[in-house]
Structures are given as C-alpha cells and as structure tokens.
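Read the structure below first, then the notes.
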Amino acid sequence: MSYSNTKFTVDELGFIQTTLTKVLCAVAAGELDLNQLAKEELASRGLDLEGNWVGFDRARQLHKLEGKQ
604 MSYSNTKFTV DELGFIQTTL TKVLCAVAAG ELDLNQLAKE ELASRGLDLE GNWVGFDRAR
664 QLHKLEGKQ
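Right, here's the structure in full:
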C-alpha cells in the first residue's frame, strides 16, 4: 500500500509511531487536517512548500493563511 507520491525513509516517517492514538484517530476521522497543519507549521518557520526560506509574511501568503490565526 502506498500513501505517498514521494519516497521517505523509515527514519523520516518514524515520528508517526510516537504520535498519540487520539491524534491519529482524529486524522483518520477527518477531524484534524494534517495538510492545513503542515501549511501552518511551514508558514510559522517562514518556509515555502519546498522548504525554502521566503520569510514569514511571504510564507503566510503562499500557504493562503493571511488573515487566519
């Protein structure tokens, strides 16, 4: 079964094993949007979708988060 278009190592995906069951269940039930969460985290680091530094304001624009808190 494939769940990604890109290849990741076991080490890169290992974080999922330590994720709280409550969080995994919320994601599986559609109660938590990991795509949105990832965009918010990238923006908070000032990064674009490729992980390049673009600054905080530009990152919020690129991730369509301006005006959202």
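Numbering (my numbering), first residue to last: 604 to 672. Ideal Cβ positions, reconstructed from N, Cα and C, are used throughout, including at glycine. Nothing here was measured: the structure is a model prediction, and the numbers come from that model.
Helix, strand or coil at residue i according to DSSP, with G and I counted as helix
i      : result
Leu640 : helix
Leu650 : strand
Closest by C-alpha distance to residue i, when choosing among the options
i      : options                           : result
Gly649 : Ala641, Leu640, Asn638 and Arg663 : Arg663
Same chain, Cβ closer than 8 Å to residue i, neighbours up to 5 away in sequence not counted
i      : result
Leu645 : Asp651, Leu652, Gly654, Ala662 and His666
Val626 : Leu635
Cβ neighbours of residue i in the same chain (closer than 6 Å, five flanking residues each side left out)
i      : result
Ala629 : Leu635
Val657 : Asp651
Phe659 : Gly649
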